[in-house]
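K.L.:
This is the structure, below, for whatever I ask next.
See the structure below:
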């Protein structure tokens, strides 16, 4: 399970969940991704453990694309 706390450009904060990193990557490549590339990722929880990351949705996508 992958859980994200996200801040949109307008300041609104929301939570989103994905089955795993692969689903997040696949959906970010979609024509209608689940979040804007510029949205700020405030918190990442991967498989129940807090994951150390600071940056935008696009930076998180790039980080995991380079990891795999």
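In this note's numbering, the protein residues as written are 30 to 97.
For every residue, glycine included, the Cβ atom is placed at its ideal position computed from N, Cα and C.
Computed from a prediction, not measured in an experiment: that's the story for all the values here.
How about residue 46 and residue 31: do their beta carbons lie closer than 9 Å?
P.N.:
Counted from its first residue, the chain shown places residue 46 at position 17. Counted from its first residue, the chain shown places residue 31 at position 2. Yes; because the gap between Cβ atoms is below 9 Å, this pair is in contact.
K.L.:
Does the beta-carbon of residue 61 have 16 or more other beta-carbons within 10 angstroms, so that it is buried, or is it exposed?
P.N.:
Position 32 of the chain shown, counting from 1, holds the residue named residue 61. Residue 61 comes out exposed.
K.L.:
Using DSSP with H/G/I as helix, E/B as strand and the rest coil, what is residue 48?
P.N.:
Translated into the one-based positions of the chain shown, residue 48 becomes position 19. Looking at residue 48 - three-state DSSP - the assignment turns out to be coil, as it is neither helix nor strand.
K.L.:
Alpha carbon to alpha carbon, what distance is there between residue 70 and residue 89?
P.N.:
Here residue 89 corresponds to residue number 60 of the chain shown, with the count starting at 1. Here residue 70 corresponds to residue number 41 of the chain shown, with the count starting at 1. Taking the straight line joining both Cα atoms gives about 8 Å.
K.L.:
Could you pull out every residue in the same chain whose Cβ sits closer than 8 Å to the Cβ of residue 44, ignoring the five residues on either side in sequence?
P.N.:
Here residue 44 refers to the residue found at position 15 of the chain shown. The beta carbon of residue 44 sits closer than 8 Å to those of 32, 33, 34, 35, all from its chain and outside the five residues before and after it, given in chain order.
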